[in-house]
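Asks:
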Amino acid sequence: MDSTGLTASPLPHSAPPAMPRLAGDLAIWIFILAELLAFGVFFAAYAFTRANNIELFNAEQAALNRNAGALNTVLLLTASYFVVRAVQAAELRASQSCARWLLAATACGAGFLVVKSFEYAAAFEHDISLSSSPFHMFYLSLTFFHFMHVILGMVILTAMWNGARTGRYGPDDMNGLESGAAYWHMVDLVWLVLFPLVYVIH
Amino acid sequence: MQYKSQAVAKPYFIAAIGLFVGQILFGLIMGLQYVVGDFLFPEIPFNIARMVHTNLLIVWLLFGFMGAAYYMIPEEAETELFSPKLALTLFWIFLVAGALTIVGYLALPYATLAKLTGNDILETMGREFLEQPLITKVGIVIVALGFLFNITMTMLKGRKTSISMVLLVGLWGLAIFFLFSFYNPHNLVKDKFYWWWVVHLWVEGVWELILGALLAFVLIKVTGVDREVIEKWLYVIITLALVTGLIGTGHHYYWIGTPEYWQWWGSIFSALEPLPFFAMTVFAFNMVNRRRREHPNKAAVLWALGTGVMAFLGAGVWGFLHTLAPVNYYTHGSQITAAHGHMAFYGAYVMVVLTIISYAMPILRGRAANPEKAQVLEMWSFWLMTIAMVFITLFLTAAGILQVWLQRVSDTPMSFMATQDQISLFFWMREWAGVVFLIGLIVYLVSFFVKGDTRSASAS
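Order-wise, the sequence lines are chains A and B. The opening residue of the first sequence carries number -5 in the working numbering; numbering runs sequentially from there. The opening residue of the second sequence carries number 18 in the working numbering; numbering runs sequentially from there.
(1) Leaving out five residues on either side along the sequence, give the residues of the same chain with a beta carbon under 7 Å from the beta carbon of B/G84.
(2) Using a Cβ-Cβ cut-off of 8 Å, state whether B/I41 counts as contacting chain A.
(3) Report the neighbours of A/I24 on chain B: residues whose CB is nearer than 8 Å to its CB, in chain order.
(4) Identify the contact partners of A/M131 in chain B, using a Cβ-Cβ distance below 7 Å as the criterion.
(5) What residue range does the alpha helix (DSSP H) around B/W397 cover?
(6) Determine the extent of the alpha helix (DSSP H) in which A/F51 is found, giving its start and end residues.
(7) Counting along the chain, where does the alpha helix (DSSP H) carrying B/R144 start and finish?
(8) Sort out for me which residues DSSP pairs A/G164 with in a bridge.
(9) With 16 as the cutoff for other CB atoms within 10 Å, does B/L478 come out buried or exposed?
(10) In the DSSP assignment, what are the bridge partners of B/R244?
(11) For the stretch 203 to 213 of chain B and the stretch 240 to 259 of chain B, state whether three or more C-beta atom pairs, one from each stretch, are separated by less than 8 Å.
(12) So, does the stretch 168 to 182 of chain B touch the stretch 227 to 238 of chain B, judging by three or more C-beta pairs under 8 Å?
(13) Relative to chain A, which residues along the stretch 224 to 257 of chain B have a C-beta separation below 8 Å, given in chain order?
(14) At the level of alpha carbons, what is the spacing between A/S89 and A/M142?
(15) Given that A/A116 touches chain B, what residues does it touch there, using C-beta distances under 8 Å?
(16) Is any beta-carbon of chain A found at less than 8 Å from that of B/N36?
(17) To the nearest angstrom, report how far apart B/Y271 and B/T410 are at their CA atoms.
(18) Which of the three DSSP states is assigned to A/R87 in this structure?
(19) From the DSSP output, in three-state form, read off A/T(-2) for me.
(20) Is the stretch 46 to 55 of chain B touching the stretch 176 to 189 of chain A in the sense that three or more CB pairs, one from each, lie closer than 8 Å?
(21) Comparing the C-beta of A/F42 with each C-beta of chain B, is any distance below 8 Å?
(22) Does the separation of the CB atoms of B/V239 and B/V318 fall below 8 Å?
(23) Assign B/S475 to one of three DSSP states: helix, strand, or coil.
(24) Which stretch, first to last residue, makes up the alpha helix (DSSP H) that contains B/Q439?
(25) Rounded to whole angstroms, what is the Cα-Cα separation between B/F408 and B/L196?
(26) Measure how close the beta-carbons of B/H359 and B/H339 come, nearest whole angstrom, since I'm counting them as under 8 Å.
(27) Within 8 Å (strictly less), CB to CB, does B/I285 reach chain A?
(28) With DSSP as the reference, label A/L79 as helix, strand or coil.
(29) If the cut is a Cβ gap below 8 Å, which residues of chain B does A/S135 touch?
(30) From the DSSP output, in three-state form, read off B/R67 for me.
(31) Could you tell me which chain B residues have their CB closer than 8 Å to the CB of A/V35, listed as they occur along the chain?
(32) Assign B/T106 to one of two classes, buried (16 or more other C-beta atoms within 10 Å of its C-beta) or exposed (fewer than that).
(33) Of all the options B/I61, B/G190, B/V235, which has the alpha carbon lying nearest to the alpha carbon of B/L218?
(34) Closer than 8 Å, CB to CB, is A/A28 near chain B or not?
(35) Name the chain A residues that come within less than 8 Å of B/L292, Cβ to Cβ?
(36) Counting only Cβ pairs nearer than 8 Å, list the residues of chain B close to A/S226.
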């Protein structure tokens, strides 16, 4: 870790080589943990409410478009794979290749937003709103909160794409790229819990 | 001091401290009125004392924020203030308008004040914390715009740092959200809904940006830790503060007629509001532990560390106590709210303003730090006021728990006034803690007049 990281005390410069290295900045990990906590609390609230309304939740869950959800899962997983390739490319000093992988990941993110928008449009046609039922409240809140995170993740990916094009990242400077990549993986991870929880498990 | 124009901060700080004294005196008056109902009646009725107590708090904190900005922005931008003359003019306008408003509260019946000040042109008065007459509200907007113009122009012509950006966004947000005080729809639900856009989005939104910026500035100065490290923390803190604080507004929307989903949104997001305050505490201690220099101003370091801890306890922990909808169903508007309000305002905003005053005032008076004796007194005042506030909070919390139990949870609930009688012991203890707070404040004032050996300002 670099000496300007957020550790309680600066690490000695001659750290033993076997010491595990934190990928990305400690600050982004604190942020990621806070994000996971927020989603975690939301998931717990969902589970708690569902336990009291199992039949309603099962019936309304069955009306969701699982194919769209599955397609979005594939898109996010693919985006995460592309981000991994981008990090690997940067480690090999292949800046242009890194930029291309990041662009591909951003495109997958955009695909996610498009699919989700169609889902929302269909939901609103059926008069589904935050007040129409407890399940709809959670479905809309959770997916929209995640939707906003995908947008933020894409903003970060775009900023990194811009950085990669100008050759900012390399084996000596992976901090920014790894931090952004960690954030994107978090967005993906949350969806991997959200999708089965809200769309599938009954 | 590095730039001559930073000196305009001095009258702002002095006025802030003066109004702080007034706020505490009125706090003691109304604290006594809780147990001796007709104390000073009819000269100063309870509702007037309360209005003066809360309005003075807000006004002196605004003086503190403006003073802080006038001190910080030239140093951050590495250039003189755009217009020191404008800053001084606005100071006098704000002080006179504020003083006249308080005199109006005390000398006139509120309805007469409303009639005299044109409330019938645009009805904005009569709402908690936004009691100011229309002309005062317009005056606040004019002063705020002039102030923002001045510091924004200063920043535009100089160096743009993350700290000054965060401070500026916070101050602009403060001014913009205040505009909702002019919007007073007849629909009570809407009225309350937007009322919180001033009250909540100030203290749990944009003010947190100001708090973060002030703390970061002082920590850079007293610890000598790299700016990049401190700025990184600042970004994490303000992002957490904004995400939890903005949606956390929902914790005021449980019972005012808004849709039910606010109970979930408000509970979940506001339950996370302690996070930025926790991060702030870790941040402050971390930076002080990694300090690269021993700054001679020990008192300022103490205030900075105290801000983190007390803001976390008062705003974070005491806020969390009653923020979840099922809990708030019982505790809403009880003495638990008062307990939270006291420690949160003291821990977050009073202490951060005292932090910047503690750091900047000696420099404004031509020395890096106050003489040792003065600092010792100032640190005594820190402990007296802080411990007194802890006790005020604990007594009010006890009063609140008993109140909720007797008045709301019980199978045979008591009336409001009968309950107040039952909890009077705690109100007495709170009043005595308030007296200790006043003693602490007097010690604080005395510390400004203690003389002794000082090192020159160039040492900073």
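Each residue gets a CB set at the ideal place from its N, CA and C atoms; glycine is no exception.
Replies: Here's the rundown:
(1) For this step, residue 84 of chain B is matched to residue 67 along the second sequence. Closer than 7 Å at Cβ, skipping near neighbours: A26, Y29, F30, A33.
(2) Within the second sequence, the letter at position 24 stands for residue 41 of chain B. Chain A, which has no Cβ nearer than 8 Å to the Cβ of B/I41, makes this no.
(3) As a first step, residue 24 of chain A must be located in the first sequence, where it is residue number 30. Near A/I24 (Cβ distances below 8 Å), the residues of chain B are V253, A296.
(4) Residue numbering aside, residue 131 of chain A sits at position 137 when the first sequence is read from its first letter. Within 7 Å Cβ-Cβ: Y278, W281.
(5) If you number the second sequence from 1, residue 397 of chain B lands on position 380. Per DSSP, B/W397 belongs to the alpha helix (DSSP H) from 389 to 421.
(6) The residue you call residue 51 of chain A lines up with position 57 of the first sequence. Note, A/F51: alpha helix (DSSP H), 48 to 56.
(7) Within the second sequence, the letter at position 127 stands for residue 144 of chain B. Element bounds for B/R144: n/a, residue is neither H nor E.
(8) On the first sequence, position 170 is the one that residue 164 of chain A refers to. Beta-bridge annotation (DSSP): A/G164 is paired with A/D167.
(9) With chain B covering only 18 through 477, there is no way to say anything about residue 478 of chain B.
(10) In the second sequence, counting from the first residue as 1, residue 244 of chain B sits at position 227. DSSP lists no partner for B/R244.
(11) no
(12) Contact between the stretch 168 to 182 of chain B and the stretch 227 to 238 of chain B is present: 3 or more CB-CB pairs across the two stretches fall below 8 Å.
(13) D243, E245, V246, K249, W250, Y252, V253, T256, L257
(14) Position 95 of the first sequence, counting from 1, holds the residue named residue 89 of chain A. Position 148 of the first sequence, counting from 1, holds the residue named residue 142 of chain A. So the two alpha carbons sit approximately 28 Å from each other.
(15) On the first sequence, residue 116 of chain A is found 122 positions in, with the first residue counted as 1. Listed along chain B is no residue with a C-beta nearer than 8 Å to that of A/A116; the closest approach is about 20 Å.
(16) Taking the first residue of the second sequence as position 1, residue 36 of chain B is located at position 19. Strictly speaking, residue 36 of chain B in this sequence is Leu, with Asn absent from that position. Judged by the 8 Å Cβ criterion, B/L36 is not in contact with chain A.
(17) Numbered from 1 along the second sequence, position 254 holds the residue referred to as residue 271 of chain B. Numbered from 1 along the second sequence, position 393 holds the residue referred to as residue 410 of chain B. Cα to Cα, B/Y271 sits roughly 24 Å from B/T410.
(18) Residue mapping note: residue 87 of chain A aligns to position 93 of the first sequence, counting from 1. Under the three-state reduction of DSSP output, A/R87 falls in the coil class, being neither helix nor strand.
(19) Here the question's residue -2 of chain A lines up with position 4 in the first sequence. The predicted model places A/T(-2) with a pLDDT of 45, which falls under 50 and marks its position as unreliable, so this point remains unresolved.
(20) no
(21) The residue you call residue 42 of chain A lines up with position 48 of the first sequence. No, A/F42 lies away from the interface with chain B (no Cβ there is under 8 Å from its Cβ).
(22) Working through the second sequence from its first residue, we reach residue 239 of chain B at position 222. Working through the second sequence from its first residue, we reach residue 318 of chain B at position 301. For B/V239 and B/V318, yes; Cβs fall inside 8 Å.
(23) What you label residue 475 of chain B is simply residue 458 of the second sequence in a count that begins at 1. Low confidence applies here, because B/S475 scores a pLDDT of 45, under 50, leaving its location unreliable; read the following figure in that light. Helix at B/S475.
(24) Translated into the one-based positions of the second sequence, residue 439 of chain B becomes position 422. Its alpha helix (DSSP H) spans residues 433 to 439.
(25) Within the second sequence, residue 408 of chain B is the residue found at index 391, counting from 1. Within the second sequence, residue 196 of chain B is the residue found at index 179, counting from 1. Roughly 36 Å separates the two Cα atoms.
(26) By one-based count along the second sequence, residue 359 of chain B stands at place 342. By one-based count along the second sequence, residue 339 of chain B stands at place 322. Not quite, the Cβ-Cβ distance comes to about 14 Å (not below 8 Å), so this is no contact.
(27) Position 268 of the second sequence holds residue 285 of chain B. Yes, B/I285 lies at the interface with chain A (some Cβ there is under 8 Å from its Cβ).
(28) As a first step, residue 79 of chain A must be located in the first sequence, where it is residue number 85. It is worth fixing the name first, because residue 79 of chain A is Arg in this sequence and not Leu. It is helical.
(29) Here residue 135 of chain A is taken as the residue at index 141 of the first sequence, counted from 1. In chain order: Y278, W281, W282.
(30) Within the second sequence, the letter at position 50 stands for residue 67 of chain B. Annotated three-state conformation of B/R67 is helix, per DSSP.
(31) Sequence index remark: in the first sequence, residue 35 of chain A carries index 41 (1-based). Residues of chain B passing the Cβ test: I285, A288, L289.
(32) Mapped onto the second sequence, residue 106 of chain B falls at position 89. B/T106 is exposed by the Cβ-count criterion.
(33) Position 201 of the second sequence holds residue 218 of chain B. Considering only alpha carbons, the answer is B/G190.
(34) For the purposes of this step, residue 28 of chain A is taken as the residue at position 34 of the first sequence. At least one CB of chain B lies nearer than 8 Å to the CB of A/A28.
(35) As a working mapping, residue 292 of chain B is identified with position 275 in the second sequence. Here the neighbours are A28, L31.
(36) Here chain A has residues from -5 to 196 only, and residue 226 of chain A is not among them.
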